[in-house]
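Working notes, beginning with the structure itself.
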Amino acid sequence: MSGTPEGPVHPEPAETHTAEPALTERHTGREEAELRDYRAAFRVARLAMALVDRDGVVVAANDSLGALLGTEAGALREQAAADLVDLASDGRTWHAYREVLRGRRSRFRCTRRLKHADGRSLWAEVTVAPVPGDRRVLLSIADISDRRELQARLRHLQMHDPVTRLPNRALFFERLAAALEEPAAPREPHESHESYESYGYGRTGRIGLCYLDLDGFKAVNDTLGHRVGDRLLAAVAGRLTECADSDGYTRGGGHLVARLGGDEFAILVEDSTGTEQLTDLARSVLDALQEPFDLAGQRLSVSASIGVVERSGRGTTATALMQAADTTLYWAKADGKARWTLFDPERNAHRMTRQALSSTLRPAVEDGEFALEYQPLVDLADGAVRGVEALVRWHHPQFGPLPPNRFIGIAEEDGSIVELGRWILRTACHQARQWQKDHPRERPLFVSVNVAVRQVWDSDLVADVAGILAETGLAPHLLQLELTESAVMGSAGRPLQALQALSDMGVRIAIDDFGTGYSNLAYLSRLPVSVLKLDGSFVRGFQDEEHANAADELIVEALVRLAHRLGLTVTAECVETAGQASRLRRIGCDTGQGWLYSRAVTPERIAELIGTEPLPA
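Numbering (the working numbering), first residue to last: 39 to 655.
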């Protein structure tokens with residue numbers, strides 16, 4: 039009985055065992071059919087493919103791959119896949135490929151330039167990915183040569199100037215950035231510079247730039263039209279290219295000639311050999327452009343200004359290089375055009391300092407960074423101090439004490455001289471009035487203040503003077519305004535009216551640096567001038583007692599006599615020796631100013647001189 043219940047149980051497993059082979063056969067047949075389909079698809083696929091084992095060896099390749107490489111598909115078996123599609127040419131690609139073979143990376147893709155068996159090149163996009171459920175990987179290669187060619191054409195259009203066919207600004211800066219990133223190639227200690235380059239290495243680590251624009255090109259466009267202007271630009275581009283290609287220093291592929299915009303061009307010299315190479319190139323460009331251009335019946339001549347920069351690429355940025363080139367081009371134009379100018383670090387440092395001063399000059403007045411010192415004006419007859427000249431000093435927080443010649447010119451250019459001049463005038467008048475109050479029994483000193491011609495044009499100088507005199511209580515005859523000879527002699531219209539109004543007010547007008555400008559003596563009878571200040575160049579001719587300059591003495595004597603006949607007084611600047619003072623006194627000069635008596639000093643030191651013994655004469 040115990041076996042009876044178990045009997046019916048056995049047939050079920052038997053049925054199960056008989057059904058399993060049928061299912062397995064059906065399943066296996068389906069897989070084999072699918073595999074046959076996959077293999078057929080693999081063979082006839084238009085996409086070039088290869089099956090690669092984990093060692094990187096081709097197990098199978100389809101006909102498309104064979105056609106792509108110019109060989110039979112069967113000939114590719116047992117070959118290293120990396121060799122077929124150049125996967126070992128750079129470390130990053132080789133590493134990624136090995137990671138896929140080892141199963142550590144799912145897939146990777148790269149672009150490679152391949153060689154066909156007939157020698158032509160083609161661009162291919164290579165993809166490597168594992169085969170699902172298999173230890174092998176699938177290598178697929180797509181021919182993208184047409185796409186690359188289209189991209190290259192589009193890039194060429196994007197990166198080249200349509201007028202001159204030269205590389206444009208974008209390509210120039212791309213090439214410049216790449217050149218600055220590449221280090222100089224190593225050189226063996228025993229190799230000379232010449233032998234190193236003669237073998238074709240040519241990596242000096244230096245970079246040069248000729249940055250130029252055409253002088254007067256706008257006039258060509260304005261008078262002859264933009265069509266002729268474009269033809270001229272194209273012709274200039276051709277000559278620049280010839281100069282770059284014929285550079286005797288060139289090694290390898292030559293220099294990059296680019297149009298940066300308008301009539302601006304640049305010649306980039308990678309791995310330059312020094313400044314001599316760049317200056318020789320600049321000379322050849324100027325010579326080439328001097329030859330007239332024949333443009334469809336139009337014969338044109340043109341010149342160029344060139345800024346030349348040459349330096350080590352290490353530590354240099356594209357921005358710094360272009361700033362230096364732009365600055366040097368500006369120098370070339372300022373120096374007279376039709377020339378090349380080499381970058382000068384010292385001159386550039388002066389320019390940078392000038393720019394820094396310009397940017398801080400206006401707020402410096404409000405911040406109280408300026409102060410006045412005073413140099414005595416001495417009566418040559420008795421040595422008494424009759425007046426003082428106010429000289430401004432800038433106590434700059436970065437550059438320290440600065441004399442007037444460091445910043446007055448900048449102030450005149452940017453217009454800040456009006457505000458600064460007004461401050462100087464007010465401060466000097468206040469100080470002169472204070473000396474008068476502190477020494478009421480002594481003869482009051484007059485104060486002489488330099489005035490720039492721009493103060494007359496850009497402000498109401500007459501109103502400013504009147505207001506300051508009223509504010510300080512200084513008598514008008516104790517104020518002397520100094521203007522340079524060139525400013526006074528050329529006065530007409532508003533400046534002349536202002537000078538006349540100031541003279542009518544009682545203010546004294548002095549011509550500073552007389553004898554160095556126009557020297558149009560006829561103006562002396564027409565202008566409201568009270569004083570002539572002889573330029574120091576005349577007085578310095580008196581310095582050598584043994585080898586005195588007789589001509590200087592005759593000129594000064596004639597000027598003094600002329601001034602006195604016109605009712606003017608004469609002040610001699612730069613008096614440094616007793617001999618000079620003695621001869622000036624003998625000639626009849628009225629007052630002297632210079633280091634013989636005193637340098638410019640503080641107001642406190644001037645106060646000590648008031649009422650004391652006369653200064654040595």
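For every residue, glycine included, the Cβ atom is placed at its ideal position computed from N, Cα and C.
Your pair Thr202 and Ala155 does not check out as a contact, with CB atoms roughly 41 Å apart and the cut at 8 Å. At the C-beta level, Leu415 and Ile462 stay beyond 8 Å of one another. In this chain, Glu308 is not harboured by any alpha helix (DSSP H); it is covered by the beta strand (DSSP E) spanning Glu302 to Glu308. Note that the stretch 197 to 217 does not touch the stretch 254 to 263; fewer than 3 beta-carbon pairs, one per stretch, sit closer than 8 Å. Leu316 places its beta carbon 8 Å or farther from that of Gly345. Spatial neighbours of Gly553 in its own chain (CB-CB distance under 8 Å, excluding positions within 5 residues in sequence) are listed in chain order as Glu523, Leu572, Asp573, Ser575, Phe576, Ile593 and Leu597. By the Cβ test, the stretch 413 to 427 is not in contact with the stretch 438 to 458, since fewer than three Cβ pairs between them sit closer than 8 Å. Ranked by Cα distance from Ala272, the options Leu204, Phe437 and Arg130 are led by Leu204. Counted as a single uninterrupted DSSP element, the stretch harbouring Ala548 is not any alpha helix (DSSP H) but the beta strand (DSSP E) occupying residues Arg546 to Phe552.
In the assembly as shown, Pro439 is an exposed residue. Its beta-carbon has fewer than 16 other beta-carbons within 10 Å. By alpha-carbon distance to Ala162, the top candidate from Gly299, Glu187 and Ser322 is Glu187. At a Cβ-Cβ threshold of 8 Å, Val90 and Val175 count as neighbours. Going by C-alpha positions, Gln328 is about 53 Å away from Ser486. Between the alpha carbons of Phe484 and Pro435 lies a gap of roughly 32 Å. With a 10 Å radius around the Cβ and a threshold of 16 neighbouring Cβ atoms, Trp132 comes out exposed.
In this chain, the alpha helix (DSSP H) harbouring Gln189 covers Ser183 to Met197. In the three-state reduction of the DSSP assignment, Asp590 falls in the helix class. In the structure shown, Tyr249 falls within a strand segment according to DSSP collapsed to helix, strand and coil. Boundaries for Asn100: no alpha helix (DSSP H) harbours it, and the DSSP string shows neither H nor E there. Between the alpha carbons of Arg142 and Arg241 lies a gap of roughly 40 Å. Under DSSP, Gly299 takes part in a beta bridge, and its partners are Glu302.
Between the stretch 560 to 568 and the stretch 609 to 621, the count of C-beta pairs closer than 8 Å stays below three; the two stretches do not touch. By the neighbour-count criterion, in which a residue is buried when 16 or more other Cβ atoms sit within 10 angstroms of its Cβ, Asn443 is exposed.
Beta bridge pairing from DSSP links Leu380 with Val346.
Per the DSSP secondary-structure output, Met390 pairs with nothing in a beta bridge. When secondary structure is reduced to three states using DSSP, Lys375 falls in the coil class, being assigned neither helix nor strand. In this structure, the straight-line span from the alpha carbon of Asp325 to that of Gly447 is close to 36 Å.
The DSSP-derived three-state label of Ser568 is coil. If the five residues before and after Arg400 are omitted, its C-beta is found closer than 6 Å to the C-beta atoms of Ser454, all from its own chain and listed in chain order. The alpha-carbon of Leu270 is positioned some 15 Å away from that of Leu250. DSSP, read as helix, strand or coil, puts Asp318 in helix. Residue pairing from DSSP places Gly630 in a beta bridge opposite Val416 and Ala610. For Ile648, the three-state secondary structure derived from DSSP is coil. Assignment of beta-bridge partners to Pro478 by DSSP yields no partner. Minimum Cα-Cα distance from Arg297 among the listed residues Ala362, Ser397, Arg81 and Asp199 corresponds to Asp199. Burial of Gly267 is indicated by the presence of at least 16 other C-beta atoms within 10 angstroms of its C-beta.
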